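Numbering (our numbering), first residue to last: 261 to 445.
Everything on this sheet refers to the single structure shown next.
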Amino acid sequence: MADPKDTLASQLRNIEQATGRTVGEWTELIAASGNVRHGRIVAFLKSEHGLTHGNANALAREAVANGAGGPSADADLLDAQFRGAKAALRPVHDELVLVASALGGDVGVAVKKTGVSLRRKKQFAFVNAPSAGRIRLGLNLRDEPPTPRLSAATGMCTHHVDVGDVHDVDDELVGWLRSAYDRAG
């Protein structure tokens, strides 16, 4: 059976010969298009450049692997989340992640495109900035009654707390974070 890496390399060489563009040129073209998701890159290459699905898929995989699909490093993802009007919220985010990380040595911090997942055996919190005025801390606190500050939520997290300032990261909030952490163990 052929090595998949060799097969891909051969396919990419064939694409270069057939189109007259190098893989690097295709990657630059993809980056310039603004498409960041694999499926959208494939659709773009098929509709705008007439590539077959297989060739578009191979170029999309290569482009995403080489960073043309948008920022992928954690620092780049965080910088993108806290650009412009949201920049003032970065210290609040950093404080929440610092407090959560101090709960135990088993806390995993996974930076995503729209926020940061805090995990143990399972996700116990999610930190994101839905607007320029607040950080939203989502918590998994099943069966916890809501309060004026701790709101019920739907989706991955059962509750959320809106945090507008580092001073809002107080004992009450840390208690909820610890409770969510304990339940995820």
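Every residue, glycine too, gets a C-beta built ideally from N, C-alpha and C.
Computed from a predicted model, the values in this text were never measured in an experiment.
DSSP has R274 in a bridge; who is on the other side?
Per the sequence presented here, residue 274 reads as Asn, with Arg not at that position. Residue pairing by DSSP places N274 opposite no residue, since no beta bridge is assigned to it.
How about M416 and F386: do their beta carbons lie closer than 8 Å?
yes
Three or more C-beta pairs under 8 Å: does that hold for the stretch 306-325 against the stretch 271-282?
yes
If the criterion is Cβ atoms closer than 8 Å, does the pair G398 and A413 meet it?
yes
Give me the residue from L410, G424 and W286 with the minimum Cα distance to T418.
L410
Looking at C-alpha atoms only, which residue of D425, L433, L289 and A392 is the closest neighbour of A345?
Looking at the Cα atoms, A392 is the closest of the given residues.
Span separating the alpha-carbon of P331 from that of L337
Legend: pLDDT at P331 = 48, less than 50; position of this residue unreliable, value from coordinates given subsequently. Distance between the alpha carbons of P331 and L337: 6 Å.
What does a CB cutoff of less than 7 Å around S377 pick up in its chain, not counting 5 residues either side in sequence?
A370, Q383 and F386
Just the C-alpha distance for V205 and R300, rounded to the nearest angstrom, thanks.
Given a span of 261 to 445 for the chain in the structure shown, any question on residue 205 remains unanswerable.
Which of the three DSSP states is assigned to L410 in this structure?
Reduced to three states, the DSSP call for L410 is coil.
Can you name the residues that DSSP bridges to S377?
A370 and F386
Environment of Q452 [buried if 16+ CB atoms lie within 10 Å]
Because the chain here runs from 261 to 445, residue 452 falls outside it and cannot be looked at.
To the nearest angstrom, how far is the alpha carbon of A348 from that of F342?
Here the alpha carbons of F342 and A348 stand approximately 8 Å from one another.
Whole-angstrom distance between H298 and N317, CA atom to CA atom
8 Å
State the Cα-Cα distance for the pair W436 and V296, rounded to the nearest angstrom.
36 Å
Three-state class that DSSP yields for G424 in the structure shown
coil
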